[in-house]
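Notes for the one structure printed next.
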Amino acid sequence: MIEKHTCRQIGVIVKTHGIAGEVVLRLFNEFSIDDVDVEFLFLELDGGLVPFYLEEAREKNQTDVLAKLEQLKDDQQALKVIEAPVYVQKQGEEAIEEAPFSAYQLVGYEAQAAGHGYIGEIVAIREISKNPLFELDNDGEEVLIPIVDHFIASIDDEQRLVIFDLPEGLI
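Residue numbers (my numbering): 89 to 259.
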C-alpha cells in the first residue's frame with residue numbers, strides 16, 4: 089500500500105473529457121505537465137491512495153492536463169473519480185528531504201485560532217492573484233484567511249489540525 093507521506097499532491101481531477109474515460113487533471117500552480125511524467129498517478133479514493141496506470145498525458149492549457157488512465161474505460165467510470173485528489177510519488181532527493189510545503193495539503197484539515205478556538209474546516213484555496221486565501225466553512229459560514237506563513241502557528245498532520253495565530257480583528 090502506498091503511504092501518503094511518500095507522495096505529494098499535484099492536483100485534482102475536475103471533470104471527464106469525452107466518452108473514452110479520459111479526465112481533466114487540474115494542477116496546482118506550482119506544478120506543470122513535467123510533474124505528470126510518471127508511470128502511475130495515485131488518486132485518493134475512500135481515504136486511501138489507489139494507483140492508476142497513466143497511459144497518456146497531454147497539456148490542455150497552463151493548468152489542465154488531459155489524462156488517460158488505464159482503469160477508466162468510459163465516461164461513467166471516469167465520473168467516479170471527479171474531485172479526487174491526485175498524487176505522485178516523491179522522487180530522488182525529494183523522497184529523502186521534506187517536499188516543499190503547499191497550502192493545498194491542508195484542505196480538509198480543521199482550523200483553530202489562538203484565543204478563538206474552532207474556526208472551521210479548510211475546504212478550498214482561493215487563488216486570488218498575489219493574495220491566495222484559505223477558504224473555511226464554519227457551520228455554513230464562510231471564513232477567509234490569507235495564506236501567510238507567520239499566521240500558521242502549528243500543523244498536526246495526525247489530527248489533521250491547523251492552529252493559526254492571527255492578528256486581532258481578522259476573525
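Ideal Cβ placement from N, Cα and C applies to all residues, glycine included.
In this text the structure is predicted, and so the values were computed from the model without any measurement.
In this structure, Lys156 places its C-beta atom within 9 Å of the C-beta atom of Glu110.
Each residue's CA atom was taken as its position, placing Ala199 and Val124 some 31 Å apart. At the C-beta level, Gln97 and Tyr175 come within 9 Å of one another. Buried is the label assigned to Pro173, since at least 16 other Cβ atoms lie within 10 Å of its Cβ. Taking each of Pro234, Ile233 and Leu254 in turn and checking the Cα distance to Ala241, the smallest one comes out for Leu254. When Val195, Gln159 and Gln179 are compared, the shortest CA-CA separation from Glu171 is found for Val195. Here the stretch 104–122 lies against the stretch 143–162, with 3 or more beta-carbon pairs under 8 Å apart.
In terms of Cα proximity to Glu143, the closest of Leu133, Leu129 and Asn149 is Leu129. The C-alpha of Thr104 lies about 25 Å from the C-alpha of Ala191. The three-state reading of DSSP puts Asp163 in helix, counting H, G and I together. Note on geometry: alpha-carbon atoms of Leu160 and Gly205 lie some 43 Å from one another. In the DSSP assignment, Leu221 falls within the unbroken beta strand (DSSP E) covering Leu221 to Asn226. Setting aside the 5 residues that flank it on each side, Leu167 is surrounded in the same chain by Thr104, each with a C-beta closer than 7 Å to its C-beta; the list follows chain order. Separation of Ile121 and Gly203 (C-alpha to C-alpha, rounded to the nearest whole angstrom) is 43 Å. Rounded to whole angstroms, the separation of the alpha carbons of Glu256 and Asp244 is 23 Å. Secondary-structure assignment with DSSP links His105 through a beta bridge to Glu110. Taking a contact as a CB-CB distance under 8 Å, the pair Glu223 and Ile213 counts as one, their CB atoms being some 7 Å apart.
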